[in-house]
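To start, the structure under review is shown below, and the notes come after it.
In full-length UniProt numbering, the protein residues as written are 1 to 359.
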């Protein structure tokens, strides 16, 4: 136990050297007009010593006078607050979401925060991954600026659509849901090719931008390995976990595929909570015995077939994200005249038959 604690502390101290060789070329910045009045956040001197940007992150550095942080809190996570703000580049302000962590937080949290920053810096640009704008260290606070997506997280977006379903306002169609699912699958395919395991894929970690473009976000639990075995006692998103992750704490891209199936179920239920009638302590045993989430009311048969394929007990029998992109592109999104969520949609063909045609 003492050895493990010391080892973890050494990892904190050597974080910069660990990541120095793995960074891709800088991601291009998407610039949009920003005119809101914003003011810098008050900085409280930390209890710990200051910590700056790691050596590998210097090219992502933002001068302090080119970063402003609003008082508006967009969310709170394991590391601290996410606030509205802006980044100045080439004389233009870009609206941003600013993640913050203070120097007096634990070494473990700092390490995880830097891990998330490193992951976003290393995976390169993709239109369905939240864009990293840069970072700034000022006094005892480390700020990481991400692109701002105005429609918030997918779970809230879905639940808002559910609340509107009894009114005259527009309801999400299956065509729109399939397009969002395709965006997520493309983002996850990019992560898989980069060797990154997300480990927390869920509707709450998908953000919606202009034009209903969906982007994968929140890499706080991600790991840059082909297989990750969890040995710590961290909290995990149990209801989204693959069965092998629950039982053996093993995470792979194929366990992310299982979570993608749960995300599809969230979409089909407009933001429902998975396994709503099952207690956490019973869930693993029920899944081992073959239980799976039932088909939501009015869910397309083909969408539910895709979910069930993602929940195969043997990870080798699950589709890859490349398979999923293919199926969503040619068997769902390309279909026309799909019905609203509260109306049964047409049959679109058999997913299992398509998988055999994919190289």
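C-beta atoms are modelled at their ideal positions from N, C-alpha and C, and glycine is treated no differently.
Note that the structure is predicted; figures quoted are calculated from it, not measured.
Check: How far does the alpha helix (DSSP H) with residue 100 in it extend, from its first residue to its last?; Outcome: Note, residue 100: premise wrong, no alpha helix (DSSP H); beta strand (DSSP E) at 92 to 102.
Check: What are the complete alpha helix (DSSP H) segments, minimum 4 residues, inside the region 107 to 148?; Outcome: 107 to 122
Check: With 16 other CB atoms within 10 Å as the buried threshold, where does residue 22 fall?; Outcome: Reliability fails at residue 22, whose pLDDT of 34 lies under 50, so the model's placement of it is uncertain and the value that follows must be treated cautiously. Classification of residue 22: exposed, given that the 10 Å Cβ count is below 16.
Check: Can you tell me whether residue 275 is helix, strand or coil according to DSSP?; Outcome: coil
Check: Using only the alpha-carbon positions, how far apart do residue 95 and residue 215 sit?; Outcome: 17 Å
Check: Within its chain, find whatever has a CB closer than 8 Å to the CB of residue 185; leave out the 5 residues flanking it on each side and keep chain order.; Outcome: 260, 321, 324, 325, 328
Check: So what's residue 217 in DSSP terms, helix, strand or just coil?; Outcome: coil
Check: How close, in whole Å, do the beta carbons of residue 114 and residue 154 come, if the pair is a contact with beta carbons under 8 Å?; Outcome: At roughly 26 Å, the Cβ-Cβ gap does not stay under 8 Å, so residue 114 and residue 154 are not in contact.
Check: So, does the region 119 to 136 touch the region 156 to 166, judging by three or more C-beta pairs under 8 Å?; Outcome: no
Check: What residue does the alpha helix (DSSP H) around residue 82 start on, and which one ends it?; Outcome: No alpha helix (DSSP H) holds residue 82; the beta strand (DSSP E) holding it covers 81 to 89.
Check: Going by DSSP in three states, residue 209 sits in which element: helix, strand or coil?; Outcome: coil
Check: Based on DSSP bridge pairs, tell me the residues matched to residue 304.; Outcome: Paired residues: none, contrary to the question.
Check: CA-CA distance, residue 175 and residue 275?; Outcome: 25 Å
Check: Looking only at C-alpha atoms, which of 218, 82, 198, 317 sits nearest to residue 130?; Outcome: 218
Check: Measure the Cβ-Cβ separation of residue 60 and residue 135 and say whether it is below 8 Å.; Outcome: yes
Check: State the beta-bridge partners of residue 243 as determined by DSSP.; Outcome: Note: residue 243 sits in no beta bridge, so no partner.
Check: State the CB to CB distance for the pair residue 307 and residue 256, rounded to an integer number of angstroms; the pair is presumed to be in contact (CB under 8 Å).; Outcome: With a Cβ gap of about 14 Å, residue 307 and residue 256 do not count as contacting.
Check: Looking only at its chain, what residues have a beta carbon closer than 6 Å to the beta carbon of residue 81, apart from the 5 residues adjacent to it on each side?; Outcome: 73, 100
Check: Measure the alpha-carbon distance for residue 83 versus residue 301 and round it to whole angstroms.; Outcome: 41 Å
Check: Thinking just about the alpha-carbon of each residue, which of 138, 140, 144, 139 is nearest to the one in residue 362?; Outcome: With the chain running from 1 to 359 in the structure shown, residue 362 is simply not present.
Check: Enumerate in chain order the residues of its own chain whose CB-to-CB distance from residue 283 is below 8 Å, with the five nearest sequence positions on each side excluded.; Outcome: 238, 239, 246, 275
Check: Within the same chain, show all residues whose beta-carbon is closer than 6 Å to that of residue 299, passing over the 5 residues directly before and after it, in chain order.; Outcome: 268
Check: Just list the residues that DSSP pairs residue 309 with in beta bridges.; Outcome: Paired residue(s): none; residue 309 is not in a bridge.
Check: Kindly identify the DSSP beta-bridge partner or partners of residue 75.; Outcome: 82
Check: Within this structure, are the beta carbons of residue 102 and residue 140 separated by less than 8 Å?; Outcome: yes
Check: Any beta-carbon of chain D closer than 8 Å to the one on residue 64?; Outcome: This model lacks chain D altogether; it includes just one protein chain.
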